[in-house]
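Top line first, the protein sequences correspond to chains R and D. 14 is the number that our numbering gives to position 14 of the first sequence; each next residue is one higher, with no gaps. 55 is the number that our numbering gives to position 55 of the second sequence; each next residue is one higher, with no gaps. Glycine is no exception: its CB is placed at the ideal position from the N, C-alpha and C atoms. Have a look at the structure below before the remarks.
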Amino acid sequence: MKKTIAIAAVLVAALAATTSAYAAKVVEEIQIEGMVSPASPKALSAALEGQLAVKVLGYDFYGTANGWPIIKVEHDSGAVSRDQIEKVIDATKDPTGTPYRVHRGETKIHLALLEEETKADGVFAADAPDIPKITNPIAADAASHGRGEKLYVQYCSKCHGMTGNGAGPSAHGFSTNPRQLWTWHNADASADPYLYWFITNGRTDMPPWGVILSDNERWDLVNYVKTLEPPKN
Amino acid sequence: MAEKIKAPRMKIKRSVKQDEIFKVKVRFDHPSFTGLGMVDENEELFNRAVPSTFIRNMLVYYDDELVSRFRTSSAIADNPLFTFKLRAIKEAPVKVVFVDDQGERWEASKDVKFKS
């Protein structure tokens, strides 16, 4: 009897030795869905470090490609597997009671339109109509740019962005993305009626600003939009 | 989404006169969330926190002909109630189709009947 126990003990020791030989410190990056409350990163770190032999190195909220926060976890690959870590994350709730989820699939945002919707687009959003060729009555001088900038910041920047990059703070919820406006940087006078028409009448998710802004204000905007350019680094 | 979203409910008059303008009311129990949330209060950092969900399109068919479309964004309310008017030009079904931003589709329809 004693012999068997001794053999078993030797076997266990040998097994431990082999696993530790293969084990190495690994840093896993796991994307998580659900980090709503400010206290939640702490709650998740506490749960992970309390239940498993892992070390949470930190979170990445900014540099993620698809917008989901990334948690960086260091662990011993022999002792803890990625599956175990994911299980703990899935089983943890943040202080507000919202469960975390490991992000495994594609982020569902701006999904393709159904065939039915595309058809409806064809019925209601007919192609750009005849744009009347009118000339810009307002000279593109510094005063006009100043007035245009004020209006741009107030009305346009929420969707088109402060720099005109088409990614303002409200730009995420549309079925069509707001236009990036650098296309018209230093455009010649032939672009004026086009820009004026779109500001006046709007298109898809963009409202018709003709009902809110006066003629001159819209021409000031046209002048200002033509000064927008990509930021220089 | 944990709970299954039920089909919208639609109300119209039981019978209408020919060429009468009648109201259509559509109630749809659908959640609305932008997907954004506060991550760190001290840094005032917003991030995409949970998947967004909101109604993207509402299409109105009268006798299988597309007569109207409502385009909505993440600014729409939870469980919205839509009311709009149609002219009763024929006895035919009115159908409303909802599509949300995940590409899911729901529909409801009611028959328009003339007073005899």
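Here DSSP, grouped into helix, strand and coil, assigns Gly146(R) to helix. For the 9 Å CB-CB criterion, Val94(D) and Glu107(D) do not form a contact.
Ile32(R) has Val102(R) as its beta-bridge partners, per DSSP.
In the DSSP annotation of this structure, the continuous segment of the beta strand (DSSP E) that includes Asp60(R) starts and ends at Val54 to Asp60.
Listed along chain R is no residue with a C-beta nearer than 8 Å to that of Arg87(D); the closest approach is about 18 Å. Look at Pro93(D) here: in three-state DSSP terms it is strand. In this structure the stretch 56 to 76 of chain D does not touch the stretch 210 to 221 of chain R; the number of beta carbon pairs closer than 8 Å is below three. Sequence-distant partners of Ile85(R) (beyond 5 residues in either direction) whose C-beta falls short of 8 Å from its own C-beta, in its chain, are Glu28, Ile30, Leu48, Leu52, Val54, Val73 and His75. Among the residues of chain D, those whose CB is under 8 Å from the CB of Glu116(R) are Leu59, Val97, Val99 and Arg105, following chain order.
Excluding the 5 residues flanking it on each side, Arg27(D) has same chain C-beta neighbours closer than 6 Å at Arg9 and Leu81, in chain order. The alpha carbon of Ile32(R) has as its nearest neighbour, out of Ala142(R), Asp60(R), Lys25(R) and Gly50(R), the alpha carbon of Asp60(R).
Shown here for Glu91(D): same chain residues with a beta carbon closer than 7 Å to its own, the five before and five after excluded, namely Val112, Lys113 and Phe114 in chain order.
For Asn223(R), the uninterrupted alpha helix (DSSP H) segment begins and ends at Asp215 to Val225. For Leu81(D), the pairing in a beta bridge is given by DSSP as Arg27(D). By the beta-carbon neighbour count (other beta carbons within 10 angstroms, threshold 16), Glu117(R) is buried.
Listed along the chain, the chain D residues whose CB falls inside 9 Å of the CB of Val123(R) are Leu66 and Arg69. Put simply, the CB of Ser109(D) is far from chain R, with every gap to its CB atoms at 9 Å or more. Around the beta carbon of Phe54(D), 16 or more other beta carbons lie within 10 angstroms, which makes this residue buried. Against chain D, a Cβ distance below 9 Å from Asp205(R) picks out Arg71 and Ser73. Against chain D, the beta carbon of Ala142(R) has no neighbour under 9 Å; the closest one sits roughly 34 Å away. Distance between Asp205(R) and Ile76(D), taken at the CA atoms: about 13 Å.
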